[in-house]
Amino acid sequence: MNPWSQVPYADYERHMNHETVGQLALMSEITNEKVEQRYPQTVAVYGACTGNGFVHFVEARTVYAVDINSTYLAICYERYEPILNELILVQADINQDAVAIPPDSTDLIVCHLFLEYVDLGRAFASIRQTLRRGGLLNVVIQRSNDSGWVSNTGVTTLQPVAAIAHEIAEETLFQHTAPALRFEGRQTYRMPNGKSLISYDFIKQ
Ligand SMILES: C[S@@+](CC[C@H](N)C(=O)[O-])C[C@H]1O[C@@H](n2cnc3c(N)ncnc32)[C@H](O)[C@@H]1O
1471 MNPWSQVPYA
1481 DYERHMNHET
1491 VGQLALMSEI
1501 TNEKVEQRYP
1511 QTVAVYGACT
1521 GNGFVHFVEA
1531 RTVYAVDINS
1541 TYLAICYERY
1551 EPILNELILV
1561 QADINQDAVA
1571 IPPDSTDLIV
1581 CHLFLEYVDL
1591 GRAFASIRQT
1601 LRRGGLLNVV
1611 IQRSNDSGWV
1621 SNTGVTTLQP
1631 VAAIAHEIAE
1641 ETLFQHTAPA
1651 LRFEGRQTYR
1661 MPNGKSLISY
1671 DFIKQ
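Counting in the working numbering, the sequence shown runs from 1471 upward without gaps.
Laid out in structure tokens, this is it:
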């Protein structure tokens, strides 16, 4: 059983919005930046959770929300289906299931704090398949900077997911992206809890 199936969505949001964490607002802002750069018609969000940042996809024709946790996806649908043109939920365990998105169909893939919990080979195989040539992949990964993987916000239900998290070295990331996904640039954001978030852009060749 994947521990992400057990974390109540309200606990996840409370933790991520805690003043010492403050990550949801930043990741939503990064998503907005990518939308404004690319004006994507088709977007896929891997590890969509309850839909942080989906408010920026109102101009897109189709948005795919990919996640293992069907409760998170149901909340995402309830919140964002009313404002989006087409929201398609893809409930899948990336480590073992096929992701039902047509090949070469997405203009933008958003992948924030997802790779740390999954099989990188499987995740990148799916991303390479669904992203169209010339499409943008935006990845956000976390550096804990020796401050512990999960900050102490009083939310204890996140501890089991911390146990499966692995910090991703940049070298490892590039091993999985090259040569099909060309590195375009990175930006580092220092967070109030001492951690950093690093945003990477890649273009499919
Ligand atoms: C740390 S959360 C990040 C959520 C969101 N991207 C954000 O920015 O807040 C990781 C998300 O990935 C999902 N996830 C973890 N492992 C997965 C897997 N094997 N297959 C699909 N989704 C997975 C979790 O359910 C969770 O919603």
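Glycine included, each C-beta is placed from N, C-alpha and C at the ideal position.
Euclidean distance between Cα positions of residue i and residue j
i: M1471; j: E1654; result: 36 Å
i: T1532; j: G1605; result: 15 Å
i: C1519; j: Y1547; result: 10 Å
i: I1558; j: Q1566; result: 20 Å
i: E1674; j: S1596; result: Correcting the residue type first, residue 1674 is Lys in the shown sequence and not Glu. Cα to Cα, the separation comes out at about 13 Å.
i: S1498; j: E1551; result: 17 Å
i: A1639; j: T1501; result: 22 Å
i: Y1587; j: G1618; result: 16 Å
i: V1528; j: N1555; result: 7 Å
Endpoints, alpha helix (DSSP H) assigned at residue i
i: H1485; result: 1479-1487
i: T1623; result: No alpha helix (DSSP H) contains T1623, which DSSP labels as neither H nor E.
Neighbourhood of residue i by C-beta, 6 Å cutoff - its chain only, sequence neighbours within 5 removed
i: Q1599; result: P1573
i: C1581; result: Y1516, V1609
i: H1526; result: T1501, N1502, V1505
i: Y1670; result: V1609, R1656
i: P1510; result: A1530, D1577, L1578
i: F1594; result: H1646
Proximity of residue i and residue j at Cβ, strictly below 8 Å
i: I1564; j: R1603; result: no
i: L1543; j: A1530; result: no
i: L1496; j: M1486; result: no
i: L1667; j: L1607; result: no
i: T1623; j: H1488; result: yes
i: V1513; j: L1601; result: no
i: N1539; j: S1475; result: yes
i: I1545; j: Y1479; result: yes
i: T1647; j: F1672; result: yes
Segment limits, beta strand (DSSP E) that includes residue i
i: C1581; result: 1576-1582
i: N1608; result: 1601-1613
i: E1654; result: 1651-1660
i: F1672; result: 1666-1674
i: V1560; result: 1557-1561
i: A1514; result: 1512-1516
Close-in-space but distant-in-sequence residues of the same chain around residue i (CB under 7 Å, 5 per side omitted)
i: F1584; result: Y1516, G1517
i: S1614; result: E1637, K1665
i: V1560; result: Y1534, A1535, V1536, V1569, A1570, I1571
i: T1541; result: Y1479
Cβ neighbours of residue i in the same chain (closer than 8 Å, five flanking residues each side left out)
i: L1628; result: V1477, D1481, Y1482, H1485, V1620
i: P1473; result: P1630, V1631, A1633, I1634
i: D1589; result: I1564, N1565
Within the segment 1520-1574, ranges of the beta strand (DSSP E) (whole runs, at least 3 residues): The qualifying runs are 1532-1537, 1557-1561.
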